Structure formats: structure tokens, C-alpha cells
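Just so we're aligned, residue -13 is where the sequence shown starts under my numbering, counting upward by one.
For reference, the structure discussed in these notes is given below.
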Amino acid sequence: MELCEALSFCAEDAGGYFPTEAAARALVRRAGGGGDGTGATPDVILLSVRAITYLCDAMPRAGDAVVRHGLLPVLCSRLLAIEYLDVAEQCLQAFEKISRRQPTQCLQAGMINAVLAILAYIDFFAASIKRVAVSAVANACKKVPADCSQFVLDSVPTLCNLLQSEDKMIVEKVAACLISIVDSFSTSVDLVDQLCHQGVIEKVLPLIHTGGLMALSPSTRSNLIGLLAKLACTSLVAVKSLFELGVSSTIKGILITSDISHGMPYLPLEKQNNQVGLFTSLLLAK
């Protein structure tokens, strides 16, 4: 507990004299429930993960150390088999910190499936914790390496379902995550086809409509239009889905209402031109 309190006030420049490696090794061991052969109590596990979270916040490079000492499988195991809700919440916060610097390692450890599994099936978490969880996934998916493609594809249905959340911050984060995934997959017809079969277009298309239930920021809406354009430029499956779902009518409605809607924030001319270009890409794709 004393370590947690000290780390919560610790400045990044303290890393020069703080025994990061030794602390990381000991904290990861305790978070895993070991250390003295007798296991660790729930309080010790919670405080260990909390100390790791504070350590990574105060000294971001410490995230590299805890990963080297095997933290990621420990966090995944705590989320996949939840025994204590407060420990699971702290694990999510630790993942969010670590995913900023170690996104690929988080993906390879199976973080995205562990995090999204609890979001899909457990409704006990506060909105703030759910936002942390989605932020961690978005961080990890900013650039998806080829060997992590299947991990990410498996998570897409859950991400698409989260687009129906009533929490605007969650929807915005999930949208950013899907945009990054499409950017990473856009050179592979097979991967893009699989994204389309996972329901990405069906869930995204309603969000770009000005009359939709969720009033997204103009930049997010523009980026989602870009997402659909990239799908259409890569995949015939995407083109077929878009026109079956009436993309022409959606675009027409956006163009008609964008100038007269009092609820729509004004976009700079450059961004308006960009949206027109994206609309054209959608309509002329394939």
C-alpha cells in the first residue's frame, strides 16, 4: 500500500534512481499470486496490479520492464477467469497504460480477446471502466501486424456490437479502433472481405447518417466515411453490401441535410472537400 501511495506521486524523472527492474519482477510475481510459495491474498494481488499501473503511469518505460517479466499473461488470466471484480478493473487499467507503448505485445498476448470477453458478457463494470477497456483495445489496434490479424478478426463482432452503445465516448473509441483495423487490413482483399462478413458495414453505415441516434463528432463521422470508402476500394463484397444497404440514399441524405441542419457543427472547407471526395470514392468504387 505504501508503494502505491509513493508511486501515485512519483515523477517520471525519478526513474533514474528507482529500482525499476527489481520492482517490476517482484510486482509481477505478486500479481500472479506467487512469491513465497504460499500464494497471494486478493488484497496483495490488487495492490500489486495497482502499483504496476501507477509505475507505468509515472515512468512509462517501466511498462517495458513489466512486460519482460511476464505481466501480460498474468493480466489476461485474471480477466479470463474473474475471481474479484476490483482486481479485474485494475487489470484493465494496467492494460490501458501498457498498451500505449507495447501495442503489439498486448495483441500477441491475447489482450484484446480477454478485454472484450468481459465487455461482451459482464455488465457489472462502471461506464468509466468500460471506457478504459475500449481505450486499451483501440491503443493495441493502432497498427495491427500480420501475425495478429486473426486475434483482431475474432474481436470484430464484439467491437461492432459496442457501436450500439449509448455511451458516446465508447462509440467514438470503437469507431477509431475499427478505422485503425481497416487501415491495417486495407492491402489484403481476403482480410477486408472477412471484415465485411463480420458485419462492419451494417453497423457503421447507420452512424454516418445525420439523422442517426448517435451524434458523433464531425471528424469521427468523416473518418467512418473514409473507412467505408477503403473497404469499397478493396473489396467487391464491400461494394455489394454497401449498395444492398442503400449507401446511395445515405450519401444523398447527408449531402442534402449537411447545409441546412442546425445541429451539425460547421466543417472547414478543406474537410468538406475531403468528405465530398470520400463520397465520390464510395459511389464510384469498383
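The beta carbon of each residue, even a glycine, is placed where N, CA and C say it ideally should be.
Here the structure is a predicted model, which is why all the values come from computation and not from measurement.
Under the three-state reduction of DSSP output, Cys146 falls in the helix class. The region 63 to 72 makes no contact with the region 44 to 54, as fewer than three CB pairs between them are under 8 Å. Following the DSSP letters along the chain, one finds His183 inside the alpha helix (DSSP H) bounded by residues Val175 to His183.
Counting every other CB atom within 10 Å of its CB across the protein chains shown gives Asp43 a total of 16 or more, marking it as buried. Per DSSP, Glu7 is one residue of the alpha helix (DSSP H) stretching across Thr6 to Ala17. When DSSP states are grouped into helix, strand and coil, Leu102 belongs to the helix group. Under the three-state reduction of DSSP output, Ile84 falls in the helix class. In this model, Ile167 and Leu214 are separated by some 12 Å (Cα to Cα).
Put simply, of Leu191, Ile237, Arg207 and Ile211 the residue whose alpha carbon is nearest the alpha carbon of Ser227 is Leu191. When secondary structure is reduced to three states using DSSP, Asp169 falls in the helix class. Distance from Ala162 to Ala124 at the Cβ level is roughly 5 Å; contact confirmed, criterion being Cβ atoms closer than 8 Å. When the beta-carbon positions are compared, Ala95 and Leu58 come within less than 7 Å of each other. For Phe110, the three-state secondary structure derived from DSSP is coil.
Remark: C-beta atoms of Val160 and Ser221 do not approach each other more closely than 7 Å. It is roughly 10 Å from the alpha-carbon of Lys238 to the alpha-carbon of His195.
Here Leu71 is actually not in contact with Val101; their C-beta atoms are around 15 Å apart, not less than 8 Å.
When C-alpha distances from Ile240 are compared across Leu193, Val225 and Lys216, the shortest belongs to Leu193. Cβ atoms of Ile104 and Ala74 come within 8 Å of each other, at about 7 Å.
A residue is called buried when at least 16 other Cβ atoms come within 10 angstroms of its Cβ; Pro89 meets this threshold and is buried. Per the C-alpha coordinates, the member of Val130, Leu181, Asp176 and Arg117 positioned closest to Pro143 is Leu181.
Relative to the Cα of Ala126, the nearest Cα in the group Ser170, Leu148, Thr39 and Leu149 belongs to Ser170. DSSP places Thr220 in the uninterrupted alpha helix (DSSP H) bounded by Pro204 to Thr220. Assigned with DSSP and collapsed to three states, Thr90 falls in helix.
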